[in-house]
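Student:
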Amino acid sequence: MHKLFVYMLRFSLLITTMSIIHPVYARHHSRNNQLARCHTGEYECVEVKRHESWHSLFPDERERDIVMRVNHTNRSLYPGMVISVPRNLASGNALDYSPLPHQLNDVHERTIVFDPKVYAWGAYDSDGTLVKWGPASGGSDWCRDLGHACHTKPGSYRIYSLGSSNCVSTIFPLPDGGAPMPYCMFFHGGQALHGSPGEVAYGNISHGCVRLFVQDAEWIRYDFAEYGTRVIVLPYH
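Numbering (this note's numbering), first residue to last: 12 to 248.
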């Protein structure tokens, strides 16, 4: 009985610790992902040095955009950070590195797909062709401030609200809200697609919204979505 109690206590402490360091764990997982990718032969690992930035390493906007998407991050670079760089960067385009399929046969209208398993979103035209994709972070397995899971609910929805760059949460952080949600596009209750000015982590760590690069949210808001645009959230498992 005593051994069972000790086991349960250790398990409880492990779960608590993981919930506290979840954003750090997501970044660590992302780094491991980059290192593993480098061994495929299609990428090379680049370790960031002092005073280097996205702009200094990749002055070409197209190439910089590809590398940020491949590495699933829009955060500032720091010394020692390892990033994956495609070896055919000069001739490739962003769609070449999409974790989502380039064609969906059952799509007959403009559709935005979010897949929480690969932490990515994709915009599909009315013929089912992928036209743009990007990193995304969905709802977490556990939200400590709420005391329960807050997954982005899988299903098919329609955008019913289109916000501007000034959009903010009226709920989070608790109790008064105020978190920036630029270009928010609500599709299910309080769940929305929106830009994340801080970081789009390699993991699902939000309160249920789908966090995107700010420039991606702006593109969807003004160049792709309208009232009634279909949003599909795929299952977590």
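Built from N, CA and C at the ideal position, the CB exists for glycine as well.
The model shown is predicted, which means the values in this text are computed figures rather than measured ones.
#1: By the 10 Å Cβ neighbour count, where 16 or more other Cβ atoms means buried, how is I182 classified, buried or exposed?
#2: Using C-beta distances below 8 Å, list every residue in its chain close to S137, excluding the 5 sequence neighbours before and after it, in chain order.
#3: Which residues in the same chain as N99 place their Cβ atom closer than 6 Å to its Cβ, once the five residues preceding and following it in sequence are excluded?
#4: Who are the near neighbours of L68 in its chain, counting only those whose CB is closer than 7 Å to its CB and skipping five residues on each side?
#5: Quick one, are the C-beta atoms of W132 and P112 less than 9 Å apart?
#6: Give the DSSP bridge partners of Y54, in chain order.
#7: Grab me the residues of V96's own chain with a C-beta within less than 7 Å of its C-beta, minus the 5 sequence neighbours each way, in chain order.
#8: Are the Cβ atoms of K60 and Y247 separated by less than 9 Å?
#9: Could you name the residues of the same chain whose beta carbon sits closer than 8 Å to that of W144, not counting the 5 residues immediately before and after it, in chain order?
#10: For the beta strand (DSSP E) containing V244, list its first residue and its last residue.
#11: If we ignore side chains and look at the alpha-carbon of each, how far apart do E237 and T163 end up?
#12: Please list the segments of the beta strand (DSSP E) lying wholly inside the stretch 72 to 140, counting only runs of 3 or more residues, in order along the chain.
#13: Determine the burial state of R169: buried for a count of at least 16 other Cβ atoms within 10 Å of its Cβ, exposed for fewer.
#14: Assuming the contact rule is C-beta atoms closer than 8 Å, V225 and L204 should be a hit. Round their C-beta distance to whole Å, please.
#15: Rounded to the nearest angstrom, what separates V93 and N82 at their Cα positions?
#16: Give the single residue among N85, G158, G91 whose Cα lies nearest to the Cα of H62.
Tutor: Let me spell this out:
#1: Exposed.
#2: For S137, same chain residues with a beta-carbon under 8 Å away, outside a window of 5 residues either side, are V118, H119, E120, R121 in chain order.
#3: For N99, where only same-chain residues beyond five positions count, there are no Cβ hits under 6 Å.
#4: So no residue of the chain qualifies.
#5: Going by C-beta atoms, W132 is not nearer than 9 Å to P112.
#6: Paired residues: P97.
#7: Cβ neighbours of V96 beyond the five flanking positions: Y54, E55, V57, V78.
#8: No, these two residues do not count as a Cβ contact at 9 Å.
#9: The answer, listed in chain order, is R80, A105, L106, S109, P110, L111, A131, W132, G133, A134.
#10: From DSSP, the beta strand (DSSP E) with V244 extends over 241 to 244.
#11: In a straight line, the C-alpha of E237 is about 21 Å away from that of T163.
#12: For the stretch 72 to 140, whole beta strand (DSSP E) runs of length 3 or above, ordered along the chain, are 93 to 97, 122 to 126, 131 to 135.
#13: Around the beta carbon of R169, fewer than 16 other beta carbons sit within 10 angstroms, so the residue counts as exposed.
#14: Contact between V225 and L204 does not hold, since the beta-carbon distance rounds to 12 Å and is not under 8 Å.
#15: Near 9 Å, if we compare the C-alpha coordinates of N82 and V93.
#16: Out of N85, G158, G91, G91 has the C-alpha closest to the C-alpha of H62.
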